[in-house]
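Colleague: Reading the sequence shown from the start, the letters are residues 1011 to 1170 in the numbering used here.
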Amino acid sequence: MKCTEIREMLPDLAAGLAPAEPQVNEHLRTCIGCAARLDDFRKTMALLDEWQAPEPSPYFDVRLQARLREEAAKEPARGFAWIKVLRPVMAAALAVIVIVGAAVVRLEEKKHQPTPGPVASIVPGTPVGDLQALDQNHDIYSDSDLLDDLQTQEDVNANP
Ligand SMILES: [Zn+2]
């Protein structure tokens, strides 16, 4: 058997978990390196068996509980700290949604609005016709400077 094969078995051999086969025993008897390693493993394991975990200091539990309460009082909402970090991002996302939504609604409204134009039944030049035209095209006139232009034209015509 090769040393690499034997050395993989050494921890189990030292712990007594693997039965020592005749080939393995033969190798260990002739190979000083592997025998020394097995010896080291056995010594280490013996030390570990002797070692005892130290007892926690007195009042350890009491002090731990006190410390935990202290920390809990310091930051009551530590578990939700990520919400604080994400809040501006969520606000920005909400703002974008509202703006885009408003723009879409406006576009839809414009699409469905009939384009205002002159009405055929109105007879231009008559007082009733002019009033009807003003009434029906109120939106256009109130939004544009068209009315002002007409007014200036009339002034020019009245005082040439
Ligand atoms: Zn060997």
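Beta carbons: idealized from backbone N, C-alpha and C, even for Gly.
1. Identify, in the order they occur along the chain, each residue of the same chain with its Cβ nearer than 7 Å to the Cβ of Ala1024, setting aside the five sequence neighbours on each side.
2. Any residues whose CB sits closer than 6 Å to a heavy atom of ligand 1? List them in chain order?
3. Excluding five sequence neighbours on each side, which residues of the same chain lie with their C-beta closer than 7 Å to the C-beta of Glu1081?
4. Evaluate contact between the stretch 1036 to 1044 and the stretch 1064 to 1073, counting only Cβ atoms and requiring at least three cross-stretch pairs below 8 Å.
5. What's the C-alpha gap between Ile1150 and Ala1102?
6. Express the C-alpha separation of Leu1117 and Gln1123 in angstroms, rounding to a whole number.
7. May I ask which residues mark the beginning and end of the alpha helix (DSSP H) holding Asn1035?
8. Since Gln1033 and Met1019 should fall inside the 8 Å C-beta cutoff, what is the C-beta to C-beta distance between them, to a whole number of angstroms?
9. Within the same chain, show all residues whose beta-carbon is closer than 7 Å to that of Ala981, passing over the 5 residues directly before and after it, in chain order.
10. Is Pro1066 helix, strand or coil by DSSP?
11. Alpha carbon to alpha carbon, how far is Tyr1069 from Ala1083?
Modeller: Inspection of the coordinates gives the following:
1. Position 14 of the sequence shown holds residue 1024. Counting only Cβ-Cβ distances below 7 Å, and skipping sequence neighbours, we find Leu1048, Phe1051, Arg1052 and Met1055.
2. Cβ atoms closer than 6 Å to ligand 1 belong to Cys1013, Ile1016, His1037, Cys1041, Gly1043 and Cys1044.
3. Position 71 of the sequence shown, counted from the first residue, corresponds to residue 1081. Here Glu1081 has no same chain residue with a Cβ atom under 7 Å from its own Cβ, once five neighbours each way along the sequence are excluded.
4. Output reads no: the stretch 1064 to 1073 does not touch the stretch 1036 to 1044.
5. Translated into the one-based positions of the sequence shown, residue 1150 becomes position 140. Translated into the one-based positions of the sequence shown, residue 1102 becomes position 92. Rounded to whole angstroms, Ile1150 and Ala1102 show a C-alpha spacing of 36 Å.
6. Here the question's residue 1123 lines up with position 113 in the sequence shown. Here the question's residue 1117 lines up with position 107 in the sequence shown. Cα to Cα, the separation comes out at about 10 Å.
7. Residue mapping note: residue 1035 aligns to position 25 of the sequence shown, counting from 1. Taken as a continuous stretch (DSSP letters only), the alpha helix (DSSP H) holding Asn1035 covers Pro1032 to Thr1040.
8. For the purposes of this step, residue 1033 is identified with residue 23 of the sequence shown, where counting begins at 1. For the purposes of this step, residue 1019 is identified with residue 9 of the sequence shown, where counting begins at 1. The pair is not a contact, with the Cβ atoms about 11 Å apart (cut-off 8 Å).
9. Outside the modelled stretch of the chain, which goes from 1011 to 1170, sits residue 981, for which no answer is possible.
10. Counting from 1 along the sequence shown, the entry for residue 1066 is found at position 56. Three-state result, Pro1066: coil.
11. To locate residue 1069, count along the sequence shown from 1; it is residue 59. To locate residue 1083, count along the sequence shown from 1; it is residue 73. Going by the C-alpha atoms only, they are around 21 Å apart.
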